[in-house]
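With full-length UniProt numbering applied, the sequence shown covers 9 to 349.
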Amino acid sequence: ANPVVAIAGATGAVGSEFLQVLHDLDFPASEVRALASARSAGKKLPFAGCGQVSAGELTVQEMTPESFEGVDIALFSCGAGVSKELREAVTAAGAVMIDNSSAFRMDEDVPLVVPEVNPDDVAWHNGVIANPNCSTIQMVVALKPLYDLSPITRVVVSTYQAASGGGAPAMAELYDQTKAFLDGTPEDELAVEVFQHRIAFNCIPHIDKFLDDDSTKEEWKMVVETKKIMGDQNIKVAATCVRVPVLRCHAESVNVEFAGDVSVEDARAALAATDGITVMDDCANNVYPMPGLLAGTNDTYVGRLRKDDTVDHGLALWVVADQIRKGAALNAVQIAQLLLP
Ligand code: 2RA
């Protein structure tokens, strides 16, 4: 029988994208159940339909441990606390939890999966599969075909992360604050609630909390998750993660060092031949990927490919993806596709 799919956190930024992606991929569901906190129960969500579920409205149900009876696949995006609280109920109901939070990503019994990179890891799940952090996903999608040319020994990455990485309220803060700023609202009267500082006309080198070594948790995620997904603990990763006043799509400047020589031509050919990657790289015509123009797309876009002569075997590249899609909802639904018989 076709799977019953539950969306946990259906009213959030990623939740509504789950619905859109299920439709776009025509996921063969027999039922789609929209779940959220009591506050949102009864709310109607437009759904374009997928599989055996026809287009119409989904009524949001309050999420309780009983909500997962009869569910086969539970797509979770409601924060680490809720995921931890409900893991037992989900797996006891026989459903597989595909979790977008950071709750279980580094657990030894939980695969951390990007379908273009390590699809085979779904095989050893014990009821939970973790969706990696958005900034990690798009980087490893780009790294994998390069790694297959020659093992990667070191990566230096700086991110330019969109406000929507902080969810729907963060997007609203960028939008409203920009408008207020342009309307001449004095600095001390601008509403700063989601981010640590004003995000309008600013860049904030601070995503998630600071750790003991003065790096941020977002940067730490890029280091440890990359090693786990790529299956190579020897890759050294140095990351600096920055929030920028962009609504959707994270961008990353990535410098890669290889064990052996990799030519720009071979790298470009390998990237272009990979499903899920679009190479946009034509400097002569000012063609390169840009966040402002790629919202709502599925691929990981790579451009500005060039030699990095500061190391023996180095390349530099620029990577952009819609982090609500490939960095969250799309990657999770692609994991669910791997579970289909
Ligand atoms: C961010 N890493 O951009 C997040 C979202 N998962 O803040």
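All C-beta atoms in this analysis are idealised placements derived from N, C-alpha and C, irrespective of residue type, glycine included.
Measure how close the beta-carbons of residue i and residue j come, nearest whole angstrom, since I'm counting them as under 8 Å.
{"i": "Phe35", "j": "Val13", "result": "7 Å"}
{"i": "Phe266", "j": "His205", "result": "Incorrect: roughly 37 Å between the Cβ atoms, too far for contact."}
{"i": "Thr167", "j": "Glu260", "result": "5 Å"}
{"i": "Val61", "j": "Leu151", "result": "Not quite, the Cβ-Cβ distance comes to about 36 Å (not below 8 Å), so this is no contact."}
Ends of the beta strand (DSSP E) at residue i?
{"i": "Met179", "result": "Run containing Met179: none in the beta strand (DSSP E); it sits in the alpha helix (DSSP H), 176–190."}
{"i": "Met105", "result": "104–107"}
{"i": "Phe55", "result": "52–55"}
{"i": "Ala324", "result": "322–329"}
{"i": "residue 6", "result": "Within the shown structure, residues of the chain are numbered from 9 to 349, placing residue 6 beyond reach of any answer."}
{"i": "Thr193", "result": "Per DSSP, Thr193 belongs to no beta strand (DSSP E) and is neither H nor E."}
{"i": "Ser166", "result": "160–169"}
{"i": "residue 352", "result": "Not covered by the structure: residue 352. The range shown for the chain is 9 to 349."}
{"i": "Phe84", "result": "81–84"}
{"i": "Thr308", "result": "308–315"}
Between residue i and chain B, is the shortest Cβ-Cβ distance under 8 Å, so that the two count as touching?
{"i": "Asp216", "result": "Absence of chain B from the displayed structure is noted, only one protein chain being present."}
Just reading off the alpha helix (DSSP H) that residue i is part of, what are its end residues?
{"i": "residue 363", "result": "There is simply no residue 363 to check, as the chain begins at 9 and stops at 349 in what is shown."}
{"i": "Gly23", "result": "21–32"}
{"i": "Thr67", "result": "Premise fails: Thr67 lies in the beta strand (DSSP E), 64–67, not in any alpha helix (DSSP H)."}
{"i": "Gln146", "result": "142–155"}
{"i": "Val13", "result": "No alpha helix (DSSP H) contains Val13, which is instead part of the beta strand (DSSP E) from 12–16."}
{"i": "Ala340", "result": "338–347"}
Can you give me the C-alpha to C-alpha distance between residue i and residue j, rounded to a whole angstrom?
{"i": "Ile15", "j": "Ala337", "result": "10 Å"}
{"i": "Gln331", "j": "Cys142", "result": "6 Å"}
{"i": "Val122", "j": "Met230", "result": "14 Å"}
{"i": "Val319", "j": "Asp32", "result": "42 Å"}
{"i": "Ala344", "j": "Val104", "result": "9 Å"}
{"i": "Glu113", "j": "Val252", "result": "The sequence given here places Arg at residue 113; Glu does not occur at that position. Their backbone Cα atoms lie some 25 Å apart in a straight line."}
{"i": "Cys296", "j": "Gln185", "result": "One detail in the question is off: residue 296 reads as Tyr in this sequence, not Cys. If you take the alpha carbons of Tyr296 and Gln185, they lie about 29 Å apart."}
{"i": "Val164", "j": "Val262", "result": "6 Å"}
{"i": "Gly20", "j": "Val202", "result": "15 Å"}
{"i": "Ala292", "j": "Arg312", "result": "11 Å"}
{"i": "Ala171", "j": "Ala329", "result": "14 Å"}
{"i": "Tyr155", "j": "Asp307", "result": "19 Å"}
{"i": "Asp222", "j": "Lys235", "result": "21 Å"}
{"i": "Met179", "j": "Gly268", "result": "42 Å"}
{"i": "Met107", "j": "Lys92", "result": "Before going on, a small fix: residue 107 reads as Asp here, not Met. When rounded, the distance between both Cα atoms is 10 Å."}
{"i": "Val341", "j": "Pro213", "result": "30 Å"}
Could you pull out every unbroken beta strand (DSSP E) segment of at least 3 residues lying fully inside the stretch 234–300, listed in chain order? 244–251, 258–266, 285–287
Just jot down, in chain order, the residues whose CB lies closer than 6 Å to any heavy atom of the ligand 2RA. Asn141, Cys142, Ser143, Gln169, Gly173, Gly174, Ile215, Glu226
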